[in-house]
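S.K.:
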Amino acid sequence: MVNYDNDVQKPKLMVVDDEPDNLDLVYRTFWRDFEVYKANSISHAWTILDQVGEMSVIISDQRMPDMKGTEFLSQIVERFPDTIRILLTAYTDVEDLVDAINSGRVFKYITKPWKPQQLRALVEQGRDTYNLLKTRTRELRQALKRESLFNAITKILRDSHSYTSTLDKMVATIGEKFAASSCLLRLVEGDILTTAIFLYCDLDCLTPDLPKESLSLIQKIILGKKYQVVQYTDKVNHAHYLHYLIVPFCYQDDLLAVMTLCKCTVETPWEQEDIELIGDVAKQASLTLSQARLDQSLKEKQEQTRQELQVARQIQNNLLRQTLPKIDGLKIQACCYPAREVGGDFFEVFLHPSGELWLAVGDVSGKGVPAALFMASAISLLRRELSQESPPPPNIVLQNLNYALAEDLISVNYLITLVIAKYNKTTREFIYANAGHIYPLLWSYPASLAEPQYLTTRSVPLGIFPELSSQSGRLILAPKDTLLLLSDGITEAKVTIRPKSLIKNNSGTQALTWSILNKEGIWQLIREQPQPLSLEQLIARVQSDNPVQEDDQTILSLEIL
Numbered sequence: 001m002v003n004y005d006n007d008v009q010k011p012k013l014m015v016v017d018d019e020p021d022n023l024d025l026v027y028r029t030f031w032r033d034f035e036v037y038k039a040n041s042i043s044h045a046w047t048i049l050d051q052v053g054e055m056s057v058i059i060s061d062q063r064m065p066d067m068k069g070t071e072f073l074s075q076i077v078e079r080f081p082d083t084i085r086i087l088l089t090a091y092t093d094v095e096d097l098v099d100a101i102n103s104g105r106v107f108k109y110i111t112k113p114w115k116p117q118q119l120r121a122l123v124e125q126g127r128d129t130y131n132l133l134k135t136r137t138r139e140l141r142q143a144l145k146r147e148s149l150f151n152a153i154t155k156i157l158r159d160s161h162s163y164t165s166t167l168d169k170m171v172a173t174i175g176e177k178f179a180a181s182s183c184l185l186r187l188v189e190g191d192i193l194t195t196a197i198f199l200y201c202d203l204d205c206l207t208p209d210l211p212k213e214s215l216s217l218i219q220k221i222i223l224g225k226k227y228q229v230v231q232y233t234d235k236v237n238h239a240h241y242l243h244y245l246i247v248p249f250c251y252q253d254d255l256l257a258v259m260t261l262c263k264c265t266v267e268t269p270w271e272q273e274d275i276e277l278i279g280d281v282a283k284q285a286s287l288t289l290s291q292a293r294l295d296q297s298l299k300e301k302q303e304q305t306r307q308e309l310q311v312a313r314q315i316q317n318n319l320l321r322q323t324l325p326k327i328d329g330l331k332i333q334a335c336c337y338p339a340r341e342v343g344g345d346f347f348e349v350f351l352h353p354s355g356e357l358w359l360a361v362g363d364v365s366g367k368g369v370p371a372a373l374f375m376a377s378a379i380s381l382l383r384r385e386l387s388q389e390s391p392p393p394p395n396i397v398l399q400n401l402n403y404a405l406a407e408d409l410i411s412v413n414y415l416i417t418l419v420i421a422k423y424n425k426t427t428r429e430f431i432y433a434n435a436g437h438i439y440p441l442l443w444s445y446p447a448s449l450a451e452p453q454y455l456t457t458r459s460v461p462l463g464i465f466p467e468l469s470s471q472s473g474r475l476i477l478a479p480k481d482t483l484l485l486l487s488d489g490i491t492e493a494k495v496t497i498r499p500k501s502l503i504k505n506n507s508g509t510q511a512l513t514w515s516i517l518n519k520e521g522i523w524q525l526i527r528e529q530p531q532p533l534s535l536e537q538l539i540a541r542v543q544s545d546n547p548v549q550e551d552d553q554t555i556l557s558l559e560i561l
């Protein structure tokens with residue numbers, strides 16, 4: 001490993017003159033403060049420039065054997081536009097001098113014979129101008145580079161759709177913008193390196209990572225959270241060095257990752273401006289990384305929640321009767337569609353060993369998981385009540401359910417509406433009790449000629465009071481009667497309906513109106529349905545006008561054949 005420091009270098013000065021005495025005089029005047037190069041011809045000057053590169057200041061005699069000084073300096077402008085150009089001339093060259101100054105080829109001129117103090121002042125002024133120009137240019141270049149990098153990383157965060165793609169693009173962008181041979185990002189969890197690595201390499205990169213003996217530097221950065229710069233001799237090409245810049249990515253004192261950038265060159269590549277810029281980029285990238293990690297974690301939790309809700313939905317579906325009992329002389333249908341993965345609606349169809357048929361439709365306030373939990377409790381308690389050797393009447397069942405659930409419901413401000421009914425096929429007696437639920441509908445076949453009867457005996461929902469006072473309703477069902485129990489997710493849906501009083505437009509067709517169904521609207525839809533009644537088709541009609549289901553929808557019917 002080689003450590004290096006950037007010594008302050010002298011500015012470069014080249015003097016072009018075909019008189020050796022003048023070359024020596026300039027050298028003696030400036031050698032302490034400048035790195036002086038002497039050229040005795042224009043061709044010699046170009047040879048030096050090809051070898052050494054850009055000069056801070058070039059002094060050229062006007063009358064050179066192979067080319068005028070003004071012509072030479074005009075060529076310098078094209079290749080080294082920042083170099084300060086000074087012309088040595090005689091008064092007889094005024095016309096050429098004025099033309100050179102006006103065209104910007106010459107910064108200053110000095111006439112022969114010149115005095116060393118006069119030339120020194122002029123050269124020092126040129127050096128200061130060159131340094132200022134270079135500083136301004138470098139600052140502008142760094143500002144543009146900074147803005148370009150920040151915009152690129154912001155775009156990555158905005159456009160990437162996954163955690164890994166965000167990191168892949170970020171590593172590639174940083175590697176390309178800094179002309180690195182490689183860029184390697186290691187993720188850190190709890191100050192421990194993970195196995196997750198994101199890598200960018202150019203076509204010539206053979207050693208993207210640190211040598212094994214220096215991997216301890218990563219641990220040093222994890223502990224100190226400060227960058228490190230190291231250099232190694234390239235084992236493949238011994239004329240080159242491998243320059244590594246190791247940068248921590250921290251967000252709010254939390255180390256998220258460590259990035260290693262490598263350049264394979266013959267010179268020192270990591271200037272202080274680059275190191276500072278990479279540090280600033282690392283700060284912004286750390287925010288990007290933190291947000292990407294948060295997004296990834298959120299997506300993983302959402303996926304986990306989705307899977308758990310799928311299991312919960314399956315459990316809830318299993319709680320509802322999957323196979324309805326088949327009873328001679330009766331037709332039973334039931335449908336339940338939650339608005340989310342799980343919901344608070346439920347139904348129950350239970351054939352007691354005594355031959356009595358129990359029906360129920362319930363609705364827990366709210367939607368989603370909380371409602372589903374209360375739904376599971378309610379249906380479990382209901383089945384326990386109905387499974388007794390001699391179940392209590394429907395109104396007592398409601399009172400018992402309220403007694404068991406009221407404390408929990410009241411504590412979280414939830415309630416349950418529930419209608420329970422018992423039908424005796426032998427006596428055709430139908431007994432029901434309603435705790436704040438939608439009125440059941442009863443009509444005789446055919447529906448198109450009948451008017452519905454609403455069963456209006458009703459008490460308050462479960463969970464309003466610690467004790468519930470509930471009454472039962474009784475009636476005798478006849479052949480061709482149909483009973484319908486449903487939840488408010490159906491009656492509160494919006495559909496296009498044709499009013500009973502037919503309103504026709506100019507074309508003679510019935511005018512359509514949007515309306516919340518309510519009990520009148522559901523009855524009109526029932527009348528429009530083909531016979532025999534299909535609850536699946538009825539629900540499909542309601543859902544066809546509601547692309548987004550806003551509430552759980554449950555419906556149950558009992559037909560006396």
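Take 1 as the starting number for the sequence shown in the UniProt record's numbering and just add one per residue.
We put the beta carbon where it would ideally sit given N, CA and C, even for glycine.
All values derive from a computational prediction rather than experimental measurement.
1) Less than 7 Å between C-beta atoms, sequence neighbours within five positions excluded: which residues of the same chain meet that for PHE30?
2) Is the region 332-339 close to the region 452-470, with three or more CB pairs under 8 Å?
3) From the DSSP output, which residues share a beta bridge with ALA152?
4) Less than 7 Å between C-beta atoms, sequence neighbours within five positions excluded: which residues of the same chain meet that for ASN395?
5) Taking Cβ to Cβ, would you say TYR163 is nearer than 8 Å to SER182?
6) Check each candidate in ASN400, GLN316, GLY190, LEU468 and name the one with the smallest Cα separation from residue 570.
7) In angstroms with no decimal places, state the Cα-to-Cα distance between VAL412 and GLY368.
8) Is DSSP giving ARG127 helix, strand or coil here?
9) Would you mind sorting VAL548 into buried or exposed? The rule is 16 or more other CB atoms within 10 Å of its CB.
10) Starting from ARG313 and walking both ways along the alpha helix (DSSP H), at which residues does that stretch end?
11) Nearest CA to the CA of PHE374: which residue from PRO479, LYS226, GLU389, TYR414?
12) What ranges does the beta strand (DSSP E) occupy inside the region 218-266, keeping only unbroken runs of at least 3 residues that lie completely in it?
13) Alpha carbon to alpha carbon, how far is GLY366 from GLY344?
14) Should THR554 go down as buried or exposed, given a rule of 16 or more other Cβ atoms within 10 Å for buried?
15) Give me the Cα-Cα distance between GLU276 and ASN151, rounded to the nearest whole angstrom.
16) With respect to the alpha helix (DSSP H) encompassing GLN9, which residues constitute its N-terminal and C-terminal limits?
17) May I ask you to list the residues that DSSP assigns as paired with LEU462?
18) Considering Cα atoms alone, identify which of ASP66, PRO440, SER56 is closest to GLN18.
19) Check for me: the alpha helix (DSSP H) holding TRP523 runs from which residue to which?
20) Have a look at ASP202, ILE560, LYS283 and flag the residue whose alpha-carbon is nearest the alpha-carbon of ILE327.
21) May I have the straight-line CA-CA distance separating VAL57 from ILE218, to the nearest angstrom?
22) Are the CB atoms of ASP545 and VAL495 nearer to each other than 8 Å?
23) For the alpha helix (DSSP H) containing ARG79, list its first residue and its last residue.
24) Between ALA493 and ILE522, what straight-line distance do the alpha-carbon atoms span, to the nearest angstrom?
25) Rounded to the nearest angstrom, how far is the Cβ of LEU245 from that of VAL258, given a contact under 8 Å?
26) To which residues of the same chain is GLN9 closer than 6 Å at the C-beta, ignoring the five residues directly before and after it?
27) Would you report the Cα separation of ALA39 and ASP24, rounded to the nearest angstrom?
28) Just curious, the beta strand (DSSP E) that THR457 is in, first and last residue?
29) Quick one: Cα of PHE430 to Cα of GLU385, how far?
30) Check whether the region 61-75 touches the region 132-144, counting contact only when three or more Cβ pairs, one atom from each stretch, lie closer than 8 Å.
31) If you draw a straight line from the alpha carbon of THR265 to that of THR83, how long is it in whole angstroms?
32) Helix, strand or coil for VAL548, going by three-state DSSP, please let me know.
33) For a minimum of 3 consecutive residues, which ranges assigned as the beta strand (DSSP E) are wholly contained in the region 348-377?
34) Would you mind giving the Cβ-Cβ distance between GLN187 and ALA180, rounded to the nearest angstrom? I have them listed as a contact below 8 Å.
35) Which residues in the same chain have their Cβ closer than 7 Å to the Cβ of TRP270, if we skip the five residues on either side of it in sequence?
36) State the DSSP-derived secondary structure class of ILE59, mapped to helix, strand or coil.
M.R.: A quick look at the data gives this:
1) LEU13, VAL36, VAL123
2) no
3) None; ALA152 has no bridge partner.
4) ALA433, SER470, GLN471, SER472
5) no
6) A query on residue 570 cannot be resolved here, the shown segment of the chain reaching from 1 to 561 and no further.
7) 15 Å
8) helix
9) exposed
10) 272-319
11) TYR414
12) 228-233, 241-251, 254-265
13) 7 Å
14) buried
15) 17 Å
16) Element bounds for GLN9: n/a, residue is neither H nor E.
17) ILE416
18) For the sequence presented, residue 18 should be read as Asp rather than Gln. Looking at the Cα atoms, ASP66 is the closest of the given residues.
19) 518-528
20) ILE560
21) 44 Å
22) yes
23) 69-79
24) 10 Å
25) So it is not a contact: roughly 11 Å between Cβ atoms.
26) none
27) 11 Å
28) Segment: none, THR457 is in no beta strand (DSSP E) and carries neither H nor E.
29) 18 Å
30) no
31) 26 Å
32) coil
33) 357-364
34) Per the sequence presented here, residue 187 reads as Leu, with Gln not at that position. No, LEU187 and ALA180 are not in contact; Cβ-Cβ is about 19 Å, not under 8 Å.
35) VAL229, HIS243, LEU245
36) strand
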